[in-house]
Structures are given as structure tokens and as C-alpha cells.
Amino acid sequence: MSETSVVHGPVTVRTARPDEHDLVGELTVEVYVGGGLVAPDSGYVPELRDARARAAHTELLVAEIAGEVVGAVAYCPPGSRYAAVADADEAEFRMLAVVERARGLGVGRALVEACLHRARAAGLRGLRLVTQHNMPVAHRMYERMGFRRTPERDWSLDSGKRLLIYHMPL
1 MSETSVVHGP
11 VTVRTARPDE
21 HDLVGELTVE
31 VYVGGGLVAP
41 DSGYVPELRD
51 ARARAAHTEL
61 LVAEIAGEVV
71 GAVAYCPPGS
81 RYAAVADADE
91 AEFRMLAVVE
101 RARGLGVGRA
111 LVEACLHRAR
121 AAGLRGLRLV
131 TQHNMPVAHR
141 MYERMGFRRT
151 PERDWSLDSG
161 KRLLIYHMPL
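Have a look at this one:
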């Protein structure tokens with residue numbers, strides 16, 4: 001196991017390899033579009049699919065079980081062009097995706113824990129995330145982990161869709 005890998009039960013979280021970027025992009029689209037979280041014709045779909053660009057500006061992490069990639073997340077350190085809501089002394093994570101067959105196995109939690117570990121190791125003050133109203137299972141997980149809503153930081157897309165902001169002080 002490399003130093004960037006962390007094992008949580010049956011789940012291993014590590015940095016995505018360049019040969020996995022297309023897989024991560026397709027997995028993310030499968031989860032967001034296939035799960036009804038984003039419309040297939042949304043302008044966000046190309047961004048979800050472009051894991052290669054994410055990897056150039058974030059730390060793109062994957063979760064695997066028994067060698068199969070079953071989840072991914074983009075850890076956005078301060079200054080990352082993908083950090084939309086984090087303050088200068090905070091990190092953010094984006095585009096957390098877990099394939100349906102791996103839900104309930106601790107994959108999402110392991111990915112978030114890996115982001116928390118990176119933010120703490122960097123001496124940051126907090127970790128933030130943006131989520132949608134239609135992700136209640138994720139909201140429960142974040143709250144169980146200690147994240148709290150910061151409704152004063154919520155914002156809306158041009159389409160009018162409201163996005164919710166969560167924060168974990170470190």
C-alpha cells in the first residue's frame with residue numbers, strides 16, 4: 001500500500017491513477033445522472049465527466065473494494081479552481097460519487113475521511129462541501145460525521161436550484 005492509500009474496512013482510498021481518469025468521469029456521471037441527481041442534458045454533465053481536468057487541479061481520490069473502483073471524490077485544497085465555497089484556510093471536496101452496488105459499505109464515509117485527513121495534515125481550519133436538496137442519504141452521513149449546515153453560505157445556480165453548504169471545523 002502506498003503512503004497515499006488508506007484502508008477503511010474493506011475499502012481502500014488512494015489517489016486515482018491517470019489511466020483511471022476516464023473511468024472516474026464515467027462513474028461520476030453514472031451516479032449523478034443515473035441516480036437522478038442531475039438531468040442528462042445539464043451543462044454540469046461535461047464537468048462531471050472530465051475527471052482528467054479535476055485531477056489537474058485537485059487531488060482526485062478513488063475508493064476500491066477488492067481491486068474494483070467503486071467511488072471517487074475530488075479533494076480541493078486552498079487555491080484549487082474547483083473550490084467554490086471554502087475560505088482561504090479551508091479545503092473542500094466535490095463530486096463525491098459511489099456506485100449503487102457499493103452503497104452502505106462505508107465507501108462514501110471512507111472518501112470523506114480521506115479528505116478530512118488531508119485537510120488536517122495541511123493544518124487547515126475546516127473542510128466544506130456543496131450538496132443538493134435531493135441527496136438526503138449523503139446529508140445524514142455528513143451530519144453523523146460532524147459536518148454542520150451553514151445556511152448563510154447556501155447559494156443558487158442560474159437555473160434556480162438551491163445548493164446547500166456544510167462545514168466541519170478542524
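Residues in the sequence shown are numbered consecutively from 1, following the UniProt record's numbering. Quick reminder that beta carbons are idealized off the backbone N, C-alpha and C, glycines included.
- Val99 and Leu116 have their C-alpha atoms roughly 21 Å apart.
- Residue pairing from DSSP places Ser156 in a beta bridge opposite Arg162.
- For the pair Leu124 and Asp87, the CB atoms are not nearer than the 7 Å cut-off.
- In this structure, the straight-line span from the alpha carbon of Arg103 to that of Asp158 is close to 31 Å.
- Taken through DSSP and simplified to helix, strand or coil, Thr15 comes out as strand.
- Here Ala55 has Ala16, His21 as same chain residues with Cβ atoms under 7 Å from its own Cβ, once five neighbours each way along the sequence are excluded.
- Excluding the 5 residues flanking it on each side, Arg148 has same chain C-beta neighbours closer than 8 Å at Tyr166, His167, Met168, in chain order.
- Short of 7 Å from the beta carbon of Arg162, and not among the five residues preceding or following it, lie these beta carbons of its own chain, in chain order: His133, Asp154, Ser156.
- For the set Gly126, Gly108, Ala121, the Cα lying nearest the Cα of Tyr142 is the one of Gly108.
- Leaving aside the five residues that flank Pro78 on each side, the residues in its chain whose CB is nearer than 6 Å to its CB run, in chain order, Ala88.
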